[in-house]
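Here is the structure we will look at, set down as structure tokens.
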Amino acid sequence: MTHGNTPADTAAAVPVPPCSDDDLRWMRHALALAERAQREFDEIPVGALLVGADGRLLGEGWNRNIVDHDPSAHAEIVAMREAGRALGNHRLVGATLYVTLEPCAMCAMALVHARVARVVYAATDPKTGACGSVFDLMGDPRHNHRIAVTGGILGDEAGRRLTNYFRAKRGRPPLP
Numbered sequence: 040m041t042h043g044n045t046p047a048d049t050a051a052a053v054p055v056p057p058c059s060d061d062d063l064r065w066m067r068h069a070l071a072l073a074e075r076a077q078r079e080f081d082e083i084p085v086g087a088l089l090v091g092a093d094g095r096l097l098g099e100g101w102n103r104n105i106v107d108h109d110p111s112a113h114a115e116i117v118a119m120r121e122a123g124r125a126l127g128n129h130r131l132v133g134a135t136l137y138v139t140l141e142p143c144a145m146c147a148m149a150l151v152h153a154r155v156a157r158v159v160y161a162a163t164d165p166k167t168g169a170c171g172s173v174f175d176l177m178g179d180p181r182h183n184h185r186i187a188v189t190g191g192i193l194g195d196e197a198g199r200r201l202t203n204y205f206r207a208k209r210g211r212p213p214l215p
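Shown next as structure tokens:
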């Protein structure tokens, strides 16, 4: 996928904004966080950040599962925790999450409960993606909040980083 709507987005009741220059800028920031996770902590290279409706960075993070011995320390959760502390609120109303990998079910539901307005992700996750690839928890009409989703922003770059991380773990050479 390049950028734009995921198939699930077209069925969701939430309008999906197109990719903007700001989306690209923030996703590049998320990619830098993913690179840091891999380089400094040998974590799975996923980075995430939350931006308020006013354009202000609220929180950021990367996967910390291994270093923190915490299965819930996904990049999205780490960024939401930081944003919640910064705002002094568990609700992140109006915020946009930028993340380098499509959120899983755990992260998707945390985002729904936090009332995040929009999620922009890079690479799709064909195994556990919860924004339309496997599940569509963001747009499920049974929930009391739905989230606009834009997928595939710099997805090739993010996907290549993830693929090469796992190839290296298996002793295989990186792909170009």
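The working numbering puts the sequence shown at residues 40 to 215. We put the beta carbon where it would ideally sit given N, CA and C, even for glycine. The model shown is predicted, which means the values in this text are computed figures rather than measured ones.
ask   = According to the Cβ coordinates, are W101 and G123 closer than 7 Å?
value = Result no, Cβ atoms of W101 and G123 do not sit closer than 7 Å.
query = If you draw a straight line from the alpha carbon of K208 to that of I83, how long is it in whole angstroms?
reply = Here the C-alpha atom of K208 lies approximately 10 Å from the C-alpha atom of I83.
ask   = In whole angstroms, what is the alpha-carbon distance linking G133 and P212?
value = If you draw a straight line from the Cα of G133 to the Cα of P212, it comes to about 42 Å.
Whole-number beta carbon distance between M145 and S111, since they are thought to touch under 8 Å = 7 Å
query = Cα separation between D60 and R157?
reply = 16 Å
key: Straight-line gap, T189 to E115 (C-alpha atoms, nearest Å)   = 16 Å
task = Look up C143 in the DSSP assignment and say whether it is helix, strand or coil.
result = coil
message = Classify A92: buried if its beta carbon has 16 or more other beta carbons within 10 angstroms, exposed otherwise.
response = exposed
task = Could you have a look at D81 and say whether DSSP puts it in helix, strand or coil?
result = coil
task = Pull up the distance between the alpha-carbon of L201 and that of R78, whole angstroms please.
result = 13 Å
inquiry  = Going by C-alpha to C-alpha distance, which of V90, V106, I105 sits closest to E121?
reply    = V90
request  = Within the same chain, show all residues whose beta-carbon is closer than 8 Å to that of W65, passing over the 5 residues directly before and after it, in chain order.
outcome  = L88, V90, T135, Y137, V159
key: Secondary structure of G191, DSSP reduced to three states   = coil
ask   = What residue does the beta strand (DSSP E) around G86 start on, and which one ends it?
value = 86-90
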